[in-house]
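Chemist: Residue numbers (this note's numbering): 57 to 322.
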C-alpha cells in the first residue's frame with residue numbers, strides 16, 4: 057500500500073512538472089520542483105550558486121596551463137605576470153616591459169583587473185608578485201589565490217549577468233520559475249567555459265558576462281547601456297570582436313527600421 061501511494065504521488069508530481077515545463081521531464085526539474093513548493097523556495101538561487109561554486113572549485117583542483125613543464129609557458133604564468141607588472145610599473149610601461157616574458161597583450165580593462173587582483177594578492181603575500189623575481193612561481197598558496205580570483209570573477213560578474221538575462225527573457229517570452237531556474241543552471245554548467253577558465257586558467261567569464269549584459273540591455277531597448285557594456289567586453293578581451301558583426305547589424309537595422317521589434321523574432 058505504501059509503495060502504491062508513493063507511485064501515485066510520483067505520478068502527480070511528474071504530471072505537474074510536465075504541465076509547468078510544457079516539455080519532457082528533466083532530472084533538474086525534479087530537484088527544483090521539490091524546493092519550489094516548500095517553505096525553502098527562497099533558497100533555490102543561493103543553492104544553485106553554491107553548487108556552481110563547488111563544481112568550479114573541484115575543477116580547479118586539477119592541473120592548469122603550464123603546470124608540470126617550463127614555467128615560462130602557460131596562461132597561469134601569463135595572468136600572474138600581468139598582475140606583477142601592473143602592480144609595480146606605471147601605466148605607460150604596462151605594454152612594453154619585458155615582452156619576452158609574457159608581455160601584456162590584452163586590452164586595458166583586463167590590465168586593470170590584473171592590477172586589482174595583484175594589489176590584493178600583494179597585500180596577502182608580496183612574494184607572489186615581486187617584480188622580475190617571481191617569474192614561474194607556482195606555490196600552493198599562490199595557486200589557491202589565483203583560482204579564487206577566477207571564481208570571484210564568476211560570482212561578481214558572470215553569475216549576475218546570466219541571472220539578469222534569464223529573468224528578463226522570462227518576462228519577455230513568458231514561462232515559469234522552474235524554466236528560469238533550469239535555464240540558469242544549464243547555462244552556468246556550460247562545460248567548455250568551466251574547463252577553460254577553471255581548469256586551463258582564463259578569465260573568459262568576465263568577457264562573456266559583460267557581453268551578456270550588453271545583449272540583455274539591447275533586447276530591453278536600452279541601447280546606450282548595451283553599447284557601453286559591449287565596449288567594456290571588447291576592452292576586456294578582444295575575442296568579443298567576434299560578436300561585433302551581430303551588434304553592428306542589430307544597431308544598423310534599428311536605424312533603418314526603427315519600429316522593428318527584433319526580440320519578437322527570437
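In this text, a Cβ means the ideal position worked out from N, Cα and C, and glycines have one as well.
None of these values were measured; they are calculated from a predicted model.
1. For residue 210, does the count of other Cβ atoms within 10 angstroms reach 16, so buried, or fall short, so exposed?
2. Please name the residue, chosen from 218, 189, 182, 148, that lies closest to residue 244 on a Cα-to-Cα basis.
3. For residue 269 versus residue 292, is the C-beta spacing smaller than 7 Å?
4. Just checking, does the region 190-198 make contact with the region 239-256 on the three C-beta pairs under 8 Å criterion?
5. Locate the alpha helix (DSSP H) running through residue 219, then write down its first and last residues.
6. Using beta-carbon positions only, say whether residue 238 and residue 222 come within less than 7 Å of one another.
7. Buried or exposed, going by whether 16 or more other CB atoms sit within 10 Å of the CB of residue 129?
8. Relative to the C-alpha of residue 254, which residue among 203, 186, 296 is closest?
9. Could you spell out the range, first to last residue, of the alpha helix (DSSP H) harbouring residue 296?
10. For residue 282 and residue 123, I'd like the C-alpha separation in whole angstroms.
11. Could you check which residue in 207, 162, 137 has the C-alpha nearest to that of residue 193?
12. Return the residue from the list 304, 309, 295, 303 that minimises the CA-CA distance to residue 163.
13. Mind listing, in chain order, the continuous alpha helix (DSSP H) runs of no fewer than 4 residues lying wholly within the region 246-284?
14. For residue 156, which three-state DSSP category applies?
15. Determine the closest residue to residue 224 out of 278, 208, 260, with distance taken between C-alpha atoms.
16. Measuring straight from C-alpha to C-alpha, what distance separates residue 154 and residue 167?
17. What's the gap between the Cα of residue 302 and the Cα of residue 99?
18. Are there three or more Cβ pairs, one per stretch, closer than 8 Å when the region 142-161 is compared with the region 114-122?
19. Using a threshold of 7 Å, state whether the C-beta atoms of residue 150 and residue 134 are closer than that.
20. To the nearest angstrom, how far is it from the Cα of residue 272 to the Cα of residue 264?
21. Measuring straight from C-alpha to C-alpha, what distance separates residue 103 and residue 233?
Modeler: From the atom records:
1. buried
2. 218
3. no
4. no
5. 215-229
6. no
7. exposed
8. 203
9. It is not in any alpha helix (DSSP H) - residue 296 carries neither H nor E in the DSSP assignment.
10. 38 Å
11. 137
12. 295
13. 247-250, 260-275
14. coil
15. 278
16. 15 Å
17. 37 Å
18. no
19. no
20. 12 Å
21. 15 Å
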